[in-house]
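Protein chains in written order, with our numbering: chain A, 40 to 381; chain B, 40 to 381; chain C, 40 to 381; chain D, 40 to 381.
Since the structure comes first, as C-alpha cells, the remarks are kept for the end.
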C-alpha cells in the first residue's frame, strides 16, 4: 500500500467497520497497491464493496426474473409472435429466475452472492458471518429488488397499457391483472396456513440445498468440494426446480428482496393498496416464511449432515450457550490455529 | 482424535460396523478432531452418516420430482397462469426429476449418492460395495421417498381438493385422477410384458450409462475421468432423457424408493387399494424390473467395456466362482498391494 | 504385463492390427497388468475395444434420439398426459438427440466417440486417424444405430399399434405415419436440391464446430483448451441447436449410422419399400450429404483457422501431394521429434 | 522460427500492424515453428487470424440464431410435425441465439470472441484493447452476420415460398411476414422512446454481466476467476435470459452485426425498402442503442465494481485526462512492471 496515504486507508477501514465489514475490503492481490485507490471514488467503492455487490447481484436477479414474468404475461397467446403463441410460456419464467440468480451470483462474487436476506441471516446464524453485516446487506438487497422492478416497469409500461388499458393497473384475481409481474400473489383456494406452509417448505428446501452445495466437507461426486465451481450453475437448477415444483400455489417468493421490494415499487407506480390486501393480506407471508423456512432448512442440514465447527448445532446445547455467552466457543478455534501453526 | 475419548469413538465404530459401514465415518480431514465429536448427537450423526445422506438425497429427489408432477397435473390448462396455459407442461416433469437427482447427489455426497436401491445393489454386485450395507441404504432410500411424498401431499392437499373435489382421491384411468402425482401408472394399451419390458430397458439404460460416467478408466473426451466433476450434471441429462424418451408408457419409475415409497404414502393418505390393483397390479413391475434391468445394464457394461478388477465379470467363470467361495478373488488383490508397495 | 502370457498378448495385437487399430489397446495404467487379461473374454474385449465403444456410443445416442421422437409422435395431444397435451413436444426431440450424443460420447470415451461415419472420415482425412480403422468404426456405428432402432420398436410396438391401428405401418405423408420415429423424411415442398443443400449445410456446420471444440490450439475463452472437459456438454448444445435451427426441412439426419441404420431396421420390421422411395428416394441424401458436408466443414475450418501440422491443408498444394505420395509428409514430423528430443 | 524465412515473417507482421493487430499472431506454442508457416496461405491465415475468428464466430452465431427464428416462424402450428404443433416454439429461439453465441465464442477463441461491435467498442474503451483494431473487427463481424443471413435464406427459400407464396416477401405487420427471420422489428404499440429504451437497457445488461463474467478480480463463488471456463456456458444463459425477458418489445437485437448485417441481406434478396422504413425507420435504433447501452453498462460496472487499472474510470477525472493526453496513464503501468520485476 506504499502509494496510498495511510490516513485515507484508515478512513476506508473506519467506514467499513461501521457497517460491520472487515476493515480491509476483499481486493484482488494484483490490484492491491494501485494508485487509483487514492482517488475519492475508488475509496468509496472499497468502503461499500459488499453492499454494491449485493445490490447489483439482486438487481440483475430481479431484472431477469420480473422481466420474464412481464414478457410471458403481457404477450400471452399473441399470434403475431414467431410460433404464433406468445413470447414464452410458464417455463420461461423458471428460466428467467434461475439464470437471474446464476448471473447475479457471478456479479455479486465479492460479497458471497446471497441475494436474499433470509440466506444472509442463516449464514450469520449457522456460519459465523458477522451479525453486524446483516443490516447493510439487507438494505442493499432490498434496494436492488426495488430498483430492478422500477426498470422493468419503465421498460414494459406501454405494453402494460396496451394489455390492461391505458392507466389501468389491477391486481389478481382481476382477469387483466399485471401486478403479478412484480411480486407474487397466492392461488384463491389457499388458506393462510396453506400459503404459509408452501412458502415455508420452499424456503426450507432452498436453504438446505444451498448449505449442501456450499459444504466443502460433504464429499460430493467429485471428491471434497460441494458444488465448487459448479455452484452458480447448480443454483440455476435449484431455482428452476423450485419454480417447476413449487411455483403453482404461491409463486415461490422465498425472498424479501425479490417480493417485498418489487411489491413496494408496484405500489409506488400506482397498483393501489390491493398489492397489500390481496390474498387476505398475503404480502407478509413470503417475508416471514422465508426467514423461518431458511432457518429450519439450515437447522436440518446442520443437525443431520454438517460436521464443521462453525455451526452452533455442533456445540453443547445446540449453541444455546453461545447465544447467552457469545465468547463461549472461541477457545476451540484458538486450539485449531495452534494446531496448524504447530 | 486427541480430544475425543477413545471409548466413545469405539462405540461409534461398533454401531457403524453393525450396519456394515466402514468403522470410521467419512469425515473431512479438517473436521477430524473437533471437540464437538464428543457430543452425543455428533456421534449419532457420525454413526448414521451414510444413511442420513441417502435419506436426504432421496428426499430431495422425490420432493422435486413429485412436486413437478403435482404442479403440472393440478394446474393443467389453467388460464389464470402467466402465459395462460397452466404452470408447466410435460417437459417440466423431466426437469423436476432430472434436477432432483442432480441436487440429491450433491446432498448425498457422503454416501456416494445412489438414491436408488437397484443402483446400490449393482454397486454391491459389480463394484465390491459391502453387501451388508445394502439393507440400511435401502431403508434410508425408501424412507426418503416415503416422507417426501408426504410433504408433497401436505403442500398440495388443498389444490388436490379443488381439482378432484374435496375428499375425492382417484387413481388412473379416472379423468380427474391425482394418484399419478406420487407414483407411476402404465398406459392402458400395455400388456404386462410391455410394462415389464419398458421398465426393464429403461433401468438397463440407467445403470449402463451410470457405470460409464463413473468409470475413471474409460478415457472420455477429457482424458481419464469418466464424467468427473460433471457427474451430477450428466445425471441431470440422463434422467431428463429417460423422461423424454421412455416416460410415455410406464413413467420411468425404475426406482423402488421413488415409486413404491410414494405409492405406500398415497395409500396411507387415502387413495384406496386401487394404488395396488391399478394396471392389473402393476405396482410390483417397477420394483422387480428396476433390479433386473440395472443388473443387466451393469452386466452389459462390464462385459463389453469395463476393464477393472472389481467386477466379477473380470474373473474366471464370470465370477460365478466368487459366489460359491467369496474368498476366491482376494489373492490377486493382495498381489496388487504388494506390487504398489514394491 | 508380467502375469500375462506374451503369446496371448501377441494374438490380441495381431487381431487389433488387422482392424487397423494400434497394437496395444487403450487401457488405464492401473488396469495394465491384471490377471484377468489372461481370460479369453477379456482378450476379446481388448481386441475389440474401440469397435465396442463406438457400437455402444451410437446405440445410446439413437436409443435416446429415436426414443424421444417415438414418445412425442405417439403421444401427440394426448389429454390423459400430465399437463393434458401429450408427453412432450418438438423441443423434447432436440433434447433427446442432444443428450443422446452427449451421453454417447461419455460411453464411447475409449474410441474417441465419433458416433458418425462422416466424422470418423474427416478425422482420417484431416487429423491423421489411420484410414484402415474407418471400415471397423463404420460397421460398429452402423450396427449401433440398427440395433437401437430395433429396441425402440420393441419398446413402442404396442403404442404404434394403438396409434396406427394393429399391424398398420405407414410412411409420411400418411397422416398416421410412424416411420418418422426411426429415420428422417423431408418436407413435401422441397426439391431434391433443397433436400441436399439442407443436409449439406447442417453437416458442414456440425464438422466445423466439432473441429473448433476439439482444437486445443484455438485459444478459447478459457486459455488454450478448445472446449476441454466441456466437450460433451458443448456437443449437447450443438446437436440441440441443429435440431432447433435446421430440423424443419429434412430432420438433420447428417449421420449414416443414425439414419440409414434405423431406416433398414424400419424396413425389416415391415414399413415396406416406401422407406426407400419416400421423398423421391430421399434415403441416399443424408448418407451422401453427410460425407460431403462434413468434408467441406472440416476443409473450411482447416483453411481459415487450424494451424496444426496434422491437416493436409497445412502442406504444399493443400495436401494433394500427400494423396499422390503418402510418405511425402513424414520428414517434417521426424524433424519435430528431433526437436522435442533435443 | 528457424525454419521460416525472416523476411516472410516480417511481411506478416507488417500486414497485421496495418490492421492494428499485434505484430505476432496468437499462435499455439507447439505450432510456433512448423514448416507450413512458409506457405503463402498459412501466412495469410496468420495475418488475418483475429478477423477470420470474428467472422466465423459471428457467422456461426447468426446461422443458429436466424435459423431458429426461420424454423419456428415458418413451421408455426404445422400439424404434420411430431407433436402436431410446429417445429419449435418461441423458446426455441432463445435456445438458438443462446447456443449460437456460446458456440461462436468457442469458434472465435483466438480473437476473444466479441461477436458484437458494441462489445469490441467497450473493450477498447474500458479494457485497453487497441482502438486501431476496431475497424477490422467490426468489418469481420458485420460480414459474418451478412453472409450467415444469406445461407439461411438459401436454405429456407422454398419454405418461405410455401409460407408467403412464391416470390412474395413481406415485412411486419403483414400477417405472413417472414422478414423477421433475418432482423428485428418492434411491436406496434411502442413509441420510438420505448423502442430505444428497451434496446438500451438490454445492451446495458449485456455489457454489465459480460464484464462481471470476465472480471478475474471479482471473487466469484469459485474463488478468483469470474466465470473462467464457464464463460461460454454462462453466456448461453445470459443471451437466453435476454431473449426470455426482453425479447417481446424489440427482439433484443443489441448487435449491429446480428441486426444490420442480416437486414441488409434481406434487402438484397428482395424484401423491399420496408426493411428500413418499418417501425418508423426503426432499423437505426438497435445500432445506436447497442453502442450507447453497452457503453453505459460498462460504465456502471467499472464505477461500482471494477478495481483494475485498465479502466479509465479508475484514473483521475474518470479518464477524461486520458482522452485528452493518451500517454497520461502510462507511468503507473511502467511502475507495475518494475514492481513485478522487483
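By construction, the Cβ of each residue, glycine as well, lies at the ideal position given by its N, Cα and C atoms.
Original post:
Would the stretch 214–221 of chain D and the stretch 111–131 of chain D be scored as touching if the rule is three or more Cβ pairs under 8 Å?
Top reply: yes
Original post:
Which whole-angstrom value describes the C-beta separation of residue 142/D and residue 276/C, a residue pair presumed to lie in contact below a C-beta threshold of 8 Å?
Top reply: Within the fourth chain, residue 142/D is the residue found at index 103, counting from 1. Within the third chain, residue 276/C is the residue found at index 237, counting from 1. That belief holds up - the Cβ atoms of residue 142/D and residue 276/C are roughly 7 Å apart, short of 8 Å.
Subject >> C-beta neighbour in chain D for residue 308/A, strict 8 Å >> reply: Taking the first residue of the first chain as 1, we reach residue 308/A at position 269. So no, residue 308/A is outside the interface.
Original post:
Taking a cut of 9 Å between CB atoms, which residues from the stretch 182–200 of chain A lie near chain D?
Top reply: 190, 191, 193, 194, 195, 196, 197, 198, 200
**OP:** Measure the CB-CB distance between residue 187/A and residue 98/A and report whether it falls below 8 Å.
**Re:** Start at 1 with the first residue of the first chain, and residue 187/A comes out as number 148. Start at 1 with the first residue of the first chain, and residue 98/A comes out as number 59. For residue 187/A and residue 98/A, yes; Cβs fall inside 8 Å.
**OP:** Could you have a look at residue 95/A and say whether DSSP puts it in helix, strand or coil?
**Re:** Taking the first residue of the first chain as 1, we reach residue 95/A at position 56. Residue state, collapsed to three classes: helix.
**OP:** Buried or exposed for residue 340/C, please, with buried defined as at least 16 other CB atoms from any protein chain shown within 10 angstroms of its CB.
**Re:** The residue labelled residue 340/C in the question sits at position 301 within the third chain. Residue 340/C comes out buried.
**OP:** Please say whether residue 93/D and residue 183/D have beta carbons closer to each other than 8 Å?
**Re:** Position 144 of the fourth chain holds residue 183/D. Position 54 of the fourth chain holds residue 93/D. Yes, these two residues count as a Cβ contact at 8 Å.
Original post:
residue 152/C and residue 96/C: beta carbons closer than 8 Å?
Top reply: On the third chain, position 113 is the one that residue 152/C refers to. On the third chain, position 57 is the one that residue 96/C refers to. Yes, these two residues count as a Cβ contact at 8 Å.
Original post:
Taking only runs of the beta strand (DSSP E) that begin and end inside the stretch 65–113 of chain A, which ones reach a length of at least 3 residues, in chain order?
Top reply: none
**OP:** Kindly list, in the order they appear in chain C, the residues whose Cβ is closer than 7 Å to that of residue 124/D.
**Re:** Along the fourth chain, read from residue 1 onward, the residue named residue 124/D stands at position 85. What residue 124/D touches in chain C: 128.
Original post:
Quick one: Cα of residue 82/B to Cα of residue 51/B, how far?
Top reply: Working through the second chain from its first residue, we reach residue 82/B at position 43. Working through the second chain from its first residue, we reach residue 51/B at position 12. Straight-line Cα distance between these residues: approximately 6 Å.
**OP:** Pull out every residue of the stretch 281–314 of chain D whose Cβ sits closer than 9 Å to any Cβ of chain A, in chain order.
**Re:** 281, 282, 283, 284, 285, 286, 287, 288
**OP:** May I ask you to verify whether the stretch 161–168 of chain B touches the stretch 165–177 of chain C, counting CB pairs closer than 8 Å and requiring at least 3?
**Re:** no
Original post:
In the structure shown, what three-state DSSP assignment does residue 169/B receive?
Top reply: The count along the second chain starts at 1 and reaches residue 169/B at position 130. In this structure, residue 169/B counts as coil in the three-state DSSP scheme.
Original post:
Quick one: which chain C residues come within Cβ less than 7 Å of residue 355/B?
Top reply: As a first step, residue 355/B must be located in the second chain, where it is residue number 316. Residues of chain C passing the Cβ test: 78.
**OP:** Taking only the alpha-carbon atoms, compute the straight-line gap between residue 246/C and residue 337/C and give it to the nearest angstrom.
**Re:** Position 207 of the third chain holds residue 246/C. Position 298 of the third chain holds residue 337/C. Computed Cα separation, rounded: 6 Å.
Original post:
Since residue 173/C and residue 185/C are thought to touch, with beta carbons under 8 Å apart, how far apart are those beta carbons, to the nearest angstrom?
Top reply: As a first step, residue 173/C is located in the third chain; it is residue number 134 there, counting from the start. As a first step, residue 185/C is located in the third chain; it is residue number 146 there, counting from the start. Actually they do not touch by this definition, with Cβ atoms about 18 Å apart.
Original post:
Between residue 238/C and residue 105/A, what straight-line distance do the alpha-carbon atoms span, to the nearest angstrom?
Top reply: What you label residue 238/C is simply residue 199 of the third chain in a count that begins at 1. What you label residue 105/A is simply residue 66 of the first chain in a count that begins at 1. So the two alpha carbons sit approximately 40 Å from each other.
**OP:** Kindly list the residues whose CB is nearer than 7 Å to the CB of residue 62/B, restricted to its own chain and excluding five residues on each side of it in sequence; keep chain order.
**Re:** If you number the second chain from 1, residue 62/B lands on position 23. So the list reads 52, 55, 56, once near-sequence residues are dropped.
Original post:
Between residue 141/C and chain B, is there a C-beta pair that is closer than 8 Å?
Top reply: Taking the third chain and counting its residues from 1, one reaches residue 141/C at position 102. Closer than 8 Å: yes.
Original post:
So with Cβ pairs under 8 Å, would you call residue 116/B a contact of chain A?
Top reply: Here residue 116/B corresponds to residue number 77 of the second chain, with the count starting at 1. With 8 Å as the cut-off, residue 116/B does not count as an interface residue toward chain A.
**OP:** Tell me, please, whether the CB atom of residue 343/B is closer than 8 Å to any CB atom in chain C?
**Re:** Position 304 of the second chain, counted from the start, is the residue given in the question as residue 343/B. For residue 343/B, the answer is yes, since a Cβ of chain C falls inside 8 Å of its Cβ.
Subject >> Chain-ordered chain A contacts of residue 252/D [CB-CB under 7 Å] >> reply: Here residue 252/D corresponds to residue number 213 of the fourth chain, with the count starting at 1. Within 7 Å Cβ-Cβ: 145.
Subject >> Inter-residue spacing [alpha-carbon to alpha-carbon] between residue 108/C and residue 121/D >> reply: As a first step, residue 108/C is located in the third chain; it is residue number 69 there, counting from the start. As a first step, residue 121/D is located in the fourth chain; it is residue number 82 there, counting from the start. Each residue's Cα considered, the two are about 7 Å apart.
Original post:
Nearest-angstrom Cα distance between residue 333/D and residue 158/D?
Top reply: Sequence index remark: in the fourth chain, residue 333/D carries index 294 (1-based). Sequence index remark: in the fourth chain, residue 158/D carries index 119 (1-based). Looking at the two C-alpha atoms, the distance is approximately 7 Å.
**OP:** Would you list, in chain order, the members of the stretch 102–114 of chain D that have their beta-carbon closer than 7 Å to a beta-carbon of chain A?
**Re:** 108, 111, 112
**OP:** Kindly give me the distance between the Cβ atoms of residue 287/B and residue 226/B, rounded to whole angstroms, as I take these residues to be in contact under 8 Å.
**Re:** Translated into the one-based positions of the second chain, residue 287/B becomes position 248. Translated into the one-based positions of the second chain, residue 226/B becomes position 187. With a Cβ gap of about 7 Å, residue 287/B and residue 226/B count as contacting.
Subject >> Close beta carbons around residue 392/B, own chain, < 8 Å, minus the five adjacent residues each side >> reply: Because chain B in this structure spans residues 40 to 381, residue 392/B falls outside the shown range and cannot be described.
**OP:** Could you pull the start and end residues of the alpha helix (DSSP H) that residue 337/D belongs to?
**Re:** The count along the fourth chain starts at 1 and reaches residue 337/D at position 298. Segment 323–343, the alpha helix (DSSP H) holding residue 337/D.
**OP:** For residue 244/C, return the contacting residues in chain D, with the cut-off set at a CB-CB distance below 7 Å.
**Re:** Taking the third chain and counting its residues from 1, the one referred to as residue 244/C is at position 205. 102, listed in chain order.
Original post:
Hey, out of 145/A, 303/A, 253/A, whose CA is closest to residue 189/A's CA?
Top reply: As a working mapping, residue 189/A is identified with position 150 in the first chain. The residue with the shortest Cα to Cα distance from residue 189/A is 303/A.
Subject >> Helix, strand or coil at residue 239/A [DSSP, three-state] >> reply: The residue you call residue 239/A lines up with position 200 of the first chain. Helix, per DSSP.
**OP:** Can you give me the Cβ contacts of residue 178/B inside the same chain, cut-off strictly under 8 Å, excluding the 5 residues immediately before and after it?
**Re:** The count along the second chain starts at 1 and reaches residue 178/B at position 139. Only 90 meet the Cβ criterion.
Original post:
Does residue 84/B have its Cβ less than 8 Å from a Cβ in chain A?
Top reply: Sequence index remark: in the second chain, residue 84/B carries index 45 (1-based). Yes - at least one Cβ of chain A is within 8 Å of the one on residue 84/B.
**OP:** Mark residue 49/B as exposed unless 16 or more other C-beta atoms lie within 10 angstroms of its C-beta, in which case mark it buried.
**Re:** Within the second chain, numbered from 1, the residue matching residue 49/B stands at position 10. Answer is exposed; the Cβ neighbour count stays below 16.
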